[in-house]
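Below: one structure, written as structure tokens.
Protein chains in written order, with my numbering: chain A, 65 to 166; chain B, 4 to 279.
What follows is the structure, encoded as structure tokens:
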């Protein structure tokens, strides 16, 4: 359920100018509106793009958050790779590596 | 009147956003075929353009995710993304509320779908419009297929939707064009971005171009995910278009993997025949 809240925050941040404004003026107040774990809060605040990826955040949400936080395209891709090296494979969602049927 | 034009093209954000990083020969050949598509579309004098896209969390989230949704507004706005990131200026795009309502009402007789009177276009629609209607003067009717948040709509229902949409278009007095836009194999927005399974793409395109229904509907999400990435789920947009053009062949005008665009870039246009 918590990953759901992380993704909902990023979804609303990406599309809603009022949420974006709250992010710019009072990020902590915005974050307080979502039920998030300490690990999730840290990953969002820093941001730790690699950890967010490993948590299972969808890239269609994450790439825009990374851009908002100043990541150029190549840096965004590298941050996800670094996240896999540091935290291990993606935990849940679409990006869990498909197993070879053999 | 009837459906007057049908085609498919790619929509990846890198097509505009990272244009300067692509192989110029491939990029320019791709752009030239998008321009050729624009001219062919304009030559059919459409009153409206339906864009069957794969939305990417611009409008819908997992709190209320429609499998299929059709826009029904007077106008739309896009892109939702940062203009500098996508390199497309934010603009207002005209809609066709009355036509949308009539199409939705008719399609609902055969296929279950949602409608939306508000819609913000993301790159999935804005990149095609940037090339195909660069003056943003052709009314657009957006269609979204959920290709992101499983459980996903079965392929057969995409076909059924497409066929029902064709029947609705053929019953309307307007001249209507339709494009589908999605990736084939790709791993967008992940560390594997740029990976493209060309052999898989070409096998899919062979079936798609020949409108071979049974073979198109035989794909499973499990195999698609393994061999074509999560982006491969967007074949739903192609299959909806194949249902819409049942009995017609498609002409492939362009296909080439362009890794910095993160997709096998595709342009194909139907030789439209009456529904079989």
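Virtual Cβ for every residue (Gly too), placed ideally from N, Cα, C.
Where residue 30/B sits in the DSSP three-state scheme: Walking along the second chain from the start, residue 30/B turns up at place 27. Residue state for residue 30/B is assigned as helix, using DSSP reduced to three classes.
7 Å Cβ cut-off: residues of chain B touching residue 79/A: Here residue 79/A corresponds to residue number 15 of the first chain, with the count starting at 1. Correct list: 61, 83 and 123.
Cutoff 8 Å: residue 128/A Cβ touching any chain B Cβ: Within the first chain, numbered from 1, the residue matching residue 128/A stands at position 64. Answer yes: the Cβ-Cβ gap between residue 128/A and chain B drops below 8 Å somewhere.
Residue 128/B vs residue 81/B beta-carbon contact at 8 Å: Along the second chain, one-based indexing puts residue 128/B at 125. Along the second chain, one-based indexing puts residue 81/B at 78. The Cβ atoms of residue 128/B and residue 81/B lie closer than 8 Å to each other.
Residue 257/B - partner residues in DSSP beta bridges: The residue labelled residue 257/B in the question sits at position 254 within the second chain. Note: residue 257/B sits in a beta bridge opposite 270/B.
Beta-carbon neighbours of residue 131/A, restricted to chain B and to distances below 7 Å: The residue you call residue 131/A lines up with position 67 of the first chain. In chain order: 85 and 88.
Which residues DSSP lists as bridging residue 8/B, in chain order: In the second chain, counting from the first residue as 1, residue 8/B sits at position 5. Answer by DSSP bridge pairing, in chain order: 180/B.
Exposed unless 16 or more other CB atoms sit within 10 angstroms - verdict on residue 103/B: By one-based count along the second chain, residue 103/B stands at place 100. By the neighbour-count rule (16 or more Cβ atoms within 10 Å), residue 103/B is buried.
Residue 16/B and residue 130/B closer than 8 Å at C-beta: Position 13 of the second chain, counting from 1, holds the residue named residue 16/B. Position 127 of the second chain, counting from 1, holds the residue named residue 130/B. For residue 16/B and residue 130/B, yes; Cβs fall inside 8 Å.
CA-to-CA distance, residue 127/A to residue 143/A, given in whole angstroms: As a working note, residue 143/A is residue 79 in the first chain. As a working note, residue 127/A is residue 63 in the first chain. So the alpha carbons of these two residues sit roughly 11 Å apart.
Residue 78/B, enclosing beta strand (DSSP E) - first and last residue: Within the second chain, numbered from 1, the residue matching residue 78/B stands at position 75. Per DSSP, residue 78/B belongs to the beta strand (DSSP E) from 78-81.
Close Cβ partners of residue 75/A (< 7 Å) along its chain, the five nearest in sequence each way excluded: The residue given as residue 75/A occupies position 11 in the first chain. So the list reads 125, once near-sequence residues are dropped.
Per-residue DSSP class, three states only, for residue 119/B: Translated into positions along the second chain, residue 119/B becomes position 116. DSSP, read as helix, strand or coil, puts residue 119/B in strand.
Residue-chain proximity (residue 196/B, chain A), Cβ-Cβ < 8 Å: What you label residue 196/B is simply residue 193 of the second chain in a count that begins at 1. Interface with chain A (8 Å Cβ-Cβ cutoff): residue 196/B is included.
Cross-chain neighbours of residue 68/A in chain B, by beta carbon under 7 Å: Locating residue 68/A in the first chain gives position 4, counting from the first residue. Ordered by position in chain B, the residues that pass the 7 Å Cβ test against residue 68/A are 65.
Close Cβ partners of residue 18/B (< 6 Å) along its chain, the five nearest in sequence each way excluded: Here residue 18/B is taken as the residue at index 15 of the second chain, counted from 1. Only 130 and 264 meet the Cβ criterion.
Minimum Cβ-Cβ distance from residue 192/B to chain A less than 8 Å: Position 189 of the second chain, counted from the first residue, corresponds to residue 192/B. Chain A contact via Cβ: present.
Other residues of its chain near residue 255/B: CB distance less than 7 Å, five sequence neighbours each side excluded: As a first step, residue 255/B is located in the second chain; it is residue number 252 there, counting from the start. The answer, listed in chain order, is 208, 212 and 271.
Neighbourhood of residue 7/B by C-beta, 8 Å cutoff - its chain only, sequence neighbours within 5 removed: Walking along the second chain from the start, residue 7/B turns up at place 4. A distance below 8 Å between beta-carbons, with the five flanking residues on each side excluded, links residue 7/B to the following residues of its chain, in chain order: 47, 48, 49, 178, 179, 180 and 275.
Chain B within 8 Å of residue 123/A, Cβ atoms only: Residue numbering aside, residue 123/A sits at position 59 when the first chain is read from its first letter. Interface residue, yes.
Proximity below 8 Å, CB of residue 98/A to CB of residue 78/A: If you number the first chain from 1, residue 98/A lands on position 34. If you number the first chain from 1, residue 78/A lands on position 14. In this structure, residue 78/A does not lie closer than 8 Å to residue 98/A by Cβ.
Between the CA atoms of residue 236/B and residue 227/B - distance to the nearest angstrom: Taking the second chain and counting its residues from 1, one reaches residue 227/B at position 224. Taking the second chain and counting its residues from 1, one reaches residue 236/B at position 233. Per the coordinates, the alpha-carbon of residue 227/B lies some 7 Å from the alpha-carbon of residue 236/B.
Contact list for residue 21/B against chain A, beta-carbon separation under 7 Å: For this step, residue 21/B is matched to residue 18 along the second chain. Correct list: 137.
C-beta contact flag for residue 156/B and residue 144/B at 8 Å: Along the second chain, one-based indexing puts residue 156/B at 153. Along the second chain, one-based indexing puts residue 144/B at 141. Contact: no.
N- and C-terminal bounds of the beta strand (DSSP E) containing residue 54/B: Locating residue 54/B in the second chain gives position 51, where the first residue counts as 1. Judged by DSSP secondary structure, residue 54/B falls within the beta strand (DSSP E) whose first and last residues are 51-56.
Interface partners of residue 148/A on chain B, CB under 8 Å: As a position in the first chain, residue 148/A is number 84, starting the count at 1. Within chain B, 194 have C-beta atoms less than 8 Å from the C-beta of residue 148/A, given in sequence order.
Environment of residue 77/B [buried if 16+ CB atoms lie within 10 Å]: Within the second chain, the letter at position 74 stands for residue 77/B. Residue environment for residue 77/B: exposed (fewer than 16 other C-beta atoms within 10 angstroms of its C-beta).
Buried or exposed by the 16-neighbour rule on C-beta atoms within 10 Å, applied to residue 166/A: Sequence index remark: in the first chain, residue 166/A carries index 102 (1-based). Only weak support exists for where residue 166/A lies, its pLDDT of 49 falling under 50; the value from the coordinates is given anyway. Per the 10 Å Cβ criterion, exposed.
Beta bridge counterpart(s) of residue 72/B as assigned by DSSP: Looking up residue 72/B in the second chain gives position 69. Answer by DSSP bridge pairing, in chain order: 117/B and 147/B.
Nonlocal neighbours in the same chain, by C-beta distance under 6 Å from residue 246/B, ignoring five residues either side: Position 243 of the second chain, counted from the start, is the residue given in the question as residue 246/B. The beta carbon of residue 246/B sits closer than 6 Å to the beta carbons of 162, 165 and 166 from its chain, once the five residues preceding and following it are set aside; these are given in chain order.
Sub-8 Å separation of residue 12/B and residue 182/B beta-carbons: To locate residue 12/B, count along the second chain from 1; it is residue 9. To locate residue 182/B, count along the second chain from 1; it is residue 179. Yes, they are a contact pair.
Whole-angstrom distance between residue 67/A and residue 74/B, CA atom to CA atom: Against the second chain, residue 74/B aligns to sequence position 71. Against the first chain, residue 67/A aligns to sequence position 3. About 29 Å.
Status (buried if at least 16 other CB within 10 Å, exposed otherwise) for residue 71/A: As a position in the first chain, residue 71/A is number 7, starting the count at 1. So residue 71/A ends up on the buried side.
Endpoints, alpha helix (DSSP H) assigned at residue 24/B: Counted from its first residue, the second chain places residue 24/B at position 21. Counting along the chain, residue 24/B falls outside any alpha helix (DSSP H), and DSSP gives it neither H nor E.
Alpha-carbon spacing of residue 118/A relative to residue 150/A, whole angstroms: Sequence index remark: in the first chain, residue 118/A carries index 54 (1-based). Sequence index remark: in the first chain, residue 150/A carries index 86 (1-based). Linking residue 118/A to residue 150/A through their CA atoms gives a straight-line distance of about 10 Å.
For residue 267/B and residue 314/B, believed in contact at Cβ under 8 Å, the rounded distance: Outside the shown range of chain B (4 to 279) lies residue 314/B, about which nothing can therefore be said.
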